[in-house]
Each structure stands twice: as C-alpha cells, then as structure tokens.
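Here is the structure we will look at, set down as structure tokens.
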Amino acid sequence: CGVNFYLKAFLDGAYTSGTLMTDALRAANLVPTTQPYTGLGYTYTGSPTGLTIAPALLTTTGNNAIVDWAVVELRNAATPGTILYSKPILLQRDGDAMDPDGNPYVNVPVAAGNYHVALRHRNHLGVMTGSPVSLTVDSANTTIDFRSQSFAAYGSNARVLKSANFCLWAGDATGNGVLKYTGVGNDRDPILLAVGSTTPNNTLTNQYSRLDTNLDGVVKYTGSANDRDVILTNVGSTTPNNTRTQQLP
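Just so you know, we're using the numbering used here here: the sequence shown kicks off at 87 and counts up by one.
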C-alpha cells in the first residue's frame, strides 16, 4: 500500500484572499485529463500511476473543484536533493491535494519512513518541508500543510504570505525555478512575445499555459488581471531587477 498522507497548499496565482483559489481553468474546460508535466520536460522518479484522471472529476464544483495539476516528490531525509519518488496530484480550491484516483489523500508506493516532501507546480516556485516528516500507511497520521504559518518550509522565503495564508510563489513563466522580471531569460518577455511584441494589448484566450501566471485561462501582458504584474509583484514592484529563486536543493 505504500505511504499515505494529507497535503494542502495554495497557489499564489490562483489565490486572492479567504480560503479558496479560483478554478477558472476547470470552469473553462482547460484542465487536461492527462498530467502535463511530462510534456513540459519533467522526468518522474519511480513508476507513478494516475497519470490521467476520469473526466468526471473535473465536473465537481465548490470547495473541492480542481484547480490544477501539481507534482509531489518524496526526497531522502538526509540528502534532500535526492528524489526517491515523484507523482502527479491535483489541487482543489480549498488547497487540499487529491490523488488522481479521486482519494482525498496522496498515496506513494514506498516503505514507511522519514522523507522530505516537495511540491512543484508548472509556473510557481516549488516548496519543500523544512525537516523530514514521518510517513506511514495511515493517512490520518500526517498532514503537510504548506498554507500554514506554523508549518516550516525549507530554505528562506520559500512561500509568499497572502491574507494570513502561505502560497507558492507565482510567475515562473519559463519553468526554470527563478522569478525574473528584467534581463536575460526573464519571465516577462515570453508573455509579450506570445501576445505579439508589437501588439502588447492583445490577449490569448482559452489557454492552458505556463505563461498564464494567474491561472485564469488568459495570457495577457497589459491591463487588468494581466500576467506580467504577477511577476513584478513577486520580485518586488519597486525592485524590478531583483530575482527570486526556488528553495529546493
């Protein structure tokens, strides 16, 4: 049976305030039934199951509506840079992680023991537990809540605090683990190029894209709810030359 645990997290791009994220991607029928990370270049460790979901799972509305796919990694307790197993999961509006089989907990087919647990998302900076956690077959034994201010994360400023809840930093439009607004390899220019460098007021609708940093299904460079401002805010609106690096070893 492996180990089972509850996991909770908010994505900054989809979270505004309160206790819920937006499920705009799901409502627009943009969340794929097949996990997207292989296509984005991520290589899973182990032999994960649940790479697809039943379409019926995307019809759920309310607090348990699906927001997006993410990836969970179990890492070595002593050398957290070593990934022992990884698998796709889904995040719901209230931050709960759901196994692709529909269970409200995450199952990983490894032996019970102590592991660092990391969470990745396609355009947010990943986060990891500050210390190893004990995982067993009984999911009730362990809850990893990356939203909580009392739950320690690895590294420095690994999450952004919004409305009393921690979230994963949004804006990694290039997927390289660094938020960057200016200079070579920044996250802003790909958005401009996508809408048209000479037509920055254009928008691209019905998008399931890394460039959609606020997860509303629209790639937008200017105007309200644009995707560029997310990046600027998270590097520092008065310090646009700053960068923010993912806190994963």
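Each residue gets a CB set at the ideal place from its N, CA and C atoms; glycine is no exception.
Paired residues, beta bridge with residue i - DSSP
{"i": "Gln178", "result": "Ile152"}
{"i": "Ala256", "result": "His210"}
{"i": "Ser234", "result": "DSSP, once it has assigned bridges, lists no residue as partnering Ser234."}
{"i": "Asn193", "result": "Asn90"}
{"i": "Val203", "result": "Leu160"}
First through last residue of the beta strand (DSSP E) which encompasses residue i
{"i": "Ile230", "result": "229 to 231"}
{"i": "Leu221", "result": "219 to 221"}
{"i": "Val264", "result": "264 to 266"}
{"i": "Arg245", "result": "245 to 248"}
Proximity below 9 Å, CB of residue i to CB of residue j
{"i": "Gly216", "j": "Ala239", "result": "yes"}
{"i": "Gly212", "j": "Leu301", "result": "no"}
{"i": "Val304", "j": "Thr289", "result": "yes"}
{"i": "Val89", "j": "Thr299", "result": "no"}
{"i": "Asn312", "j": "Leu116", "result": "no"}
{"i": "Leu93", "j": "Ala183", "result": "yes"}
{"i": "Leu177", "j": "Ala156", "result": "yes"}
{"i": "Ala95", "j": "Leu265", "result": "no"}
{"i": "Met107", "j": "Arg208", "result": "no"}
{"i": "Pro174", "j": "Gln121", "result": "yes"}
Closest Cα partner of residue i within the set the options
{"i": "Asn249", "options": "Ala259, Asn312, Arg233", "result": "The sequence given here places Ser at residue 249; Asn does not occur at that position. Out of Ala259, Asn312, Arg233, Arg233 has the C-alpha closest to the C-alpha of Ser249."}
{"i": "Leu160", "options": "Ile152, Ser172, Asn149, Asp154", "result": "Ser172"}
{"i": "Ile169", "options": "Ser242, Tyr201, Asn189", "result": "Tyr201"}
{"i": "Gly125", "options": "Pro190, Leu143, Leu137", "result": "Leu137"}
{"i": "Ser220", "options": "Gln235, Asp231, Val203", "result": "Val203"}
{"i": "Val281", "options": "Leu177, Thr268, Lys306, Met184", "result": "Lys306"}
{"i": "Gly257", "options": "Ser242, Gln235, Ser295", "result": "Ser295"}
{"i": "Ser283", "options": "Thr308, Thr260, Ala259", "result": "Thr308"}
{"i": "Asn251", "options": "Ala100, Thr324, Gly199", "result": "Ala100"}
{"i": "Asn287", "options": "Pro134, Arg330, Ser310", "result": "Ser310"}
{"i": "Pro118", "options": "Thr145, Thr329, Ser103", "result": "Thr145"}
{"i": "Asp187", "options": "Thr324, Ala244, Ala140", "result": "Ala140"}
Any chain B beta carbon closer than 9 Å to residue i
{"i": "Val321", "result": "Although the question refers to chain B, the structure presented lacks it and comprises just one protein chain."}
The alpha helix (DSSP H) enclosing residue i, as first and last residue numbers
{"i": "Asn320", "result": "314 to 321"}
Meets three-Cβ-pair contact criterion under 8 Å: the region 270 to 278 and the region 128 to 145 | no
Is the region 189 to 199 in contact with the region 98 to 113, if contact means three or more CB pairs nearer than 8 Å?
-> Judged by pairs of C-beta atoms under 8 Å, the region 189 to 199 does not touch the region 98 to 113, as fewer than three such pairs exist.
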